[in-house]
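When you line the sequence shown up against this note's numbering, it's residues 55 to 437, in that order.
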Amino acid sequence: MNENYFEEKYDDMDEDIQQKEALVLEAEKIGEIEDDHEASQKINQLRRSWRQIHYWESEYEEDLKNRFEAAIDAFYAKFKEAEKEHEAAKRALIEKAKELSQAKDLKQTTKAQQELFEEWKKIPSAGRNLDDVLWEEFQKARQVFYDRKQEAWENMNQNFDKAKEAKEALIEKAKELEGSVEWKKTSEKFRDLMTQWREAGFAGKEDNDALWEAFNSARQKFYTRRNAFYEELHSTQAVNLKEKQELIEKARAIKDSEDYSRENTETMKDLAVQWKKIGSCGKNKDDKIWNEFREINDIYFDGLGKSNAKRQADHQNRMKDARARKVDLLNNQKRQIERLQDSLYGLVSEQEMKDIEAQIQQKEAFIKELEAQIEDIDSKIGE
Numbered sequence: 055m056n057e058n059y060f061e062e063k064y065d066d067m068d069e070d071i072q073q074k075e076a077l078v079l080e081a082e083k084i085g086e087i088e089d090d091h092e093a094s095q096k097i098n099q100l101r102r103s104w105r106q107i108h109y110w111e112s113e114y115e116e117d118l119k120n121r122f123e124a125a126i127d128a129f130y131a132k133f134k135e136a137e138k139e140h141e142a143a144k145r146a147l148i149e150k151a152k153e154l155s156q157a158k159d160l161k162q163t164t165k166a167q168q169e170l171f172e173e174w175k176k177i178p179s180a181g182r183n184l185d186d187v188l189w190e191e192f193q194k195a196r197q198v199f200y201d202r203k204q205e206a207w208e209n210m211n212q213n214f215d216k217a218k219e220a221k222e223a224l225i226e227k228a229k230e231l232e233g234s235v236e237w238k239k240t241s242e243k244f245r246d247l248m249t250q251w252r253e254a255g256f257a258g259k260e261d262n263d264a265l266w267e268a269f270n271s272a273r274q275k276f277y278t279r280r281n282a283f284y285e286e287l288h289s290t291q292a293v294n295l296k297e298k299q300e301l302i303e304k305a306r307a308i309k310d311s312e313d314y315s316r317e318n319t320e321t322m323k324d325l326a327v328q329w330k331k332i333g334s335c336g337k338n339k340d341d342k343i344w345n346e347f348r349e350i351n352d353i354y355f356d357g358l359g360k361s362n363a364k365r366q367a368d369h370q371n372r373m374k375d376a377r378a379r380k381v382d383l384l385n386n387q388k389r390q391i392e393r394l395q396d397s398l399y400g401l402v403s404e405q406e407m408k409d410i411e412a413q414i415q416q417k418e419a420f421i422k423e424l425e426a427q428i429e430d431i432d433s434k435i436g437e
């Protein structure tokens, strides 16, 4: 009976010690649990289990107990150290929140504040006594920014109304100009309206796009018409340029021929008349192509002048030669008359005298003709 009793006791003691050994091993593995709350619950569970096991007052049990408590103490020491790290991490976020509280870029700062909040949620507890205090500090720093943001939004809404009103006025002005045909002047006005549009600012997400569509529609109506006008104008100017270049080639061919005939001169004059009838070929090209045409004309008519001067000089020389011949002939006739008159003194026959007198009269008449011709030549030479 006694022997069985002690055997049972030893069996119970052995089982209890095995349970405590198992609890020690579990306690020593608590550090592997990542979740602090889960670890705390595990410790409480292990302690409850430990207390429920009978204490046999053996030295080995004392060793197990010391190992058990040391494992728990090690965890709490590590836990406290972690809490300090968590506190430092949270205080760092508080400082960042304070720095962001005065930031001007509301959109970027809102995103940054949200990122801080997400970081805060990831940081474990810094201790029951500190968590609420740190959270209040963090929220206070963040609230400074959100108060500023709210105020900014209220001011922004007022600015939106002003911008909307200004842009609606600009739309009306744009509509008044969309049908204008004063292309250059109106283009400048639209550029000025565009500058005012940018200066008016943002009119709010709900209205800004619609306002821009209305404003830009009026602009595009004008620019579409203006572009069509200039496209047609440039096409016409290209035709005019081609026609003027053809006139230049015709004028150059006549100039290069150095034939200063009346026909060529009339053709050159007609080319100038045709030139005037052809419209503009563009401000940048008009002066250049006109100078080229005028230079060809100047060269031709300069040559014509020189040709006419030479022809006139040749004509004068021919007239002078003709006058000299007539003067020689006239003098010869006078000498013949003198000889005929001298021959009258020796004549006896009345008939011979009449014949000589007739010859003298003929020559005198011829002399008068020559004098008239010489006088006519002199008048022409003097012209």
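Even for Gly, the Cβ is constructed at its ideal location relative to N, Cα and C. Note that the structure is a prediction, hence the values are computed from the model and not measured.
Nearest-angstrom Cα separation, counted from residue j out to residue i
i: K380; j: D356; result: 36 Å
i: A180; j: E208; result: 38 Å
i: T278; j: Q291; result: 20 Å
i: F60; j: W110; result: Note that F60 scores 48 on pLDDT, short of 50, meaning its location in the model is unreliable and no value can be drawn from it.
i: I440; j: K221; result: Since the first residue of the chain shown is 55 and the last is 437, residue 440 is not available in this structure.
i: Q204; j: N270; result: 32 Å
i: E418; j: R389; result: 11 Å
i: K132; j: E260; result: 55 Å
i: D68; j: H91; result: 33 Å
i: S403; j: A367; result: 54 Å
i: M407; j: S315; result: 58 Å
i: D432; j: I332; result: 49 Å
i: I71; j: W174; result: 44 Å
i: Q99; j: L170; result: 36 Å
i: M55; j: K74; result: Note on M55: pLDDT 44, under 50, position unreliable in the model; no value is reported.
i: D375; j: I343; result: 48 Å
i: N371; j: D313; result: 23 Å
i: E153; j: E190; result: 16 Å
i: E115; j: A76; result: 12 Å
Whether residue i touches residue j by CB criterion (8 Å)
i: A93; j: F122; result: no
i: L247; j: A228; result: yes
i: I353; j: K304; result: no
i: F244; j: L224; result: no
Reduced DSSP secondary structure (H/G/I, E/B, other) of residue i
i: W110; result: coil
i: A166; result: helix
i: E92; result: helix
i: E312; result: coil
i: I428; result: helix
i: T256; result: Note on identity: in this sequence residue 256 is Phe, with Thr being the wrong assignment. If DSSP states are grouped into helix, strand and coil, F256 belongs with coil.
i: K158; result: coil
i: I177; result: coil
i: K74; result: helix
i: S334; result: coil
i: S403; result: coil
Element boundaries [alpha helix (DSSP H), containing residue i]
i: Y200; result: R182 to L231
i: K323; result: R316 to K331
i: S361; result: K337 to L398
i: V235; result: Premise fails: V235 is in no alpha helix (DSSP H) and is neither H nor E.
i: I84; result: Note, I84: premise wrong, no alpha helix (DSSP H); not H, not E.
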